[in-house]
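Numbering (the working numbering), first residue to last: 9 to 233.
This report refers to the structure that appears directly beneath it.
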Amino acid sequence: MVDEPAEAAETDSREDPRKVRSRARLLDAATALLAKGGTEAVTIDAVTRAARVARATLYRHFDSGTELVAAAFGRLIPPAATVPEDGDLRGQLIVLLTDQARLIEAAPMQLTALCWLGMGPGLDERAAREGAGGIDRPELRSLRSQIAEQYRTPFDRIFASAEARALLGDTDYELALAQLLGPLVFTKLATLRPLGPEACARIVDDFLAARVSAGQPSPAESSPL
Numbered sequence: 009m010v011d012e013p014a015e016a017a018e019t020d021s022r023e024d025p026r027k028v029r030s031r032a033r034l035l036d037a038a039t040a041l042l043a044k045g046g047t048e049a050v051t052i053d054a055v056t057r058a059a060r061v062a063r064a065t066l067y068r069h070f071d072s073g074t075e076l077v078a079a080a081f082g083r084l085i086p087p088a089a090t091v092p093e094d095g096d097l098r099g100q101l102i103v104l105l106t107d108q109a110r111l112i113e114a115a116p117m118q119l120t121a122l123c124w125l126g127m128g129p130g131l132d133e134r135a136a137r138e139g140a141g142g143i144d145r146p147e148l149r150s151l152r153s154q155i156a157e158q159y160r161t162p163f164d165r166i167f168a169s170a171e172a173r174a175l176l177g178d179t180d181y182e183l184a185l186a187q188l189l190g191p192l193v194f195t196k197l198a199t200l201r202p203l204g205p206e207a208c209a210r211i212v213d214d215f216l217a218a219r220v221s222a223g224q225p226s227p228a229e230s231s232p233l
């Protein structure tokens, strides 16, 4: 008798497999539409028709079409780049920046997602038209977290190293991130030739040289004798 409440709670916590399947079908349809036609293609009618799911079922999973688009974007965002464990600060930044350049070139959807989230008021208006209570929904928060993980977290790990703290001091790390990733994003948006390892090395060298000229010690000066 003592075990019955725990057993009942365990049973209640199991998600209905039909609900899991219907959500998966909706996300499969929304992701395919997003990859093929962009955000404007992901409409409630198009998704429910492709997934063969009723509108009422869709709204049991997602509060609005905006939230559905965010969930679909989340499926297309690649995992965060791996932070190199070996090498000095310069070498680690070059390897990471080169990897990020490849990801941006190979996965333009994450840039589209970044621009879409950057609409701000535009998303608010879209959510209002759909009857959603603002844009700070779970799926949107999840997408923001994924993009932050993709772009920021690997750099944060490098910037937290002893060498980086000694060289960069009280640097504005958000500005540093923008200075390093900005050229990669601009290159993609402007449809210019992708930046390779040599260009990434130049970006890192210019970034570090600017820190030295701003009064931070050079790597050699910051090393103990």
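Glycine included, each C-beta is placed from N, C-alpha and C at the ideal position.
Limits of the unbroken alpha helix (DSSP H) element including residue i
i, result
"P191", "181-197"
"L151", "146-159"
"L76", "73-84"
"A174", "170-176"
"T39", "25-45"
"R110", "97-114"
"L216", "205-221"
"L200", "From DSSP, L200 is part of no alpha helix (DSSP H); its letter is neither H nor E."
"T56", "52-59"
"T65", "63-69"
Cβ pair residue i, residue j closer than 8 Å
i, j, result
"R88", "L35", "Checking the sequence shown, residue 88 turns out to be Ala, not Arg. For A88 and L35, no; Cβs fall outside 8 Å."
"S169", "L97", "yes"
"I211", "L105", "yes"
"R33", "V61", "yes"
"A43", "A59", "no"
"Q100", "L189", "no"
"F70", "L151", "no"
Whole-angstrom C-beta distance between residue j and residue i, which should lie under 8 Å
i, j, result
"T2", "P202", "Nothing about residue 2 can be reported from this structure: the residues present for the chain run from 9 to 233 only."
"E75", "L148", "7 Å"
"A209", "I52", "Actually they do not touch by this definition, with Cβ atoms about 47 Å apart."
"T47", "V77", "6 Å"
"G73", "V91", "At roughly 36 Å, the Cβ-Cβ gap does not stay under 8 Å, so G73 and V91 are not in contact."
Residue i Cβ short of 7 Å to the ligand GTP heavy atom set
i, result
"A32", "You won't find the ligand GTP in this model; it holds no ligand whatsoever."
Contact between the segment 173-182 and the segment 105-114 (3+ Cβ pairs under 8 Å): When C-beta atoms of the segment 173-182 are compared with those of the segment 105-114, fewer than three pairs fall below 8 Å, so the two segments do not count as touching.
Okay, do the segment 183-192 and the segment 157-173 touch, 3+ Cβ pairs below 8 Å being the bar? The answer is yes - the segment 157-173 touches the segment 183-192, with three or more Cβ pairs under 8 Å.
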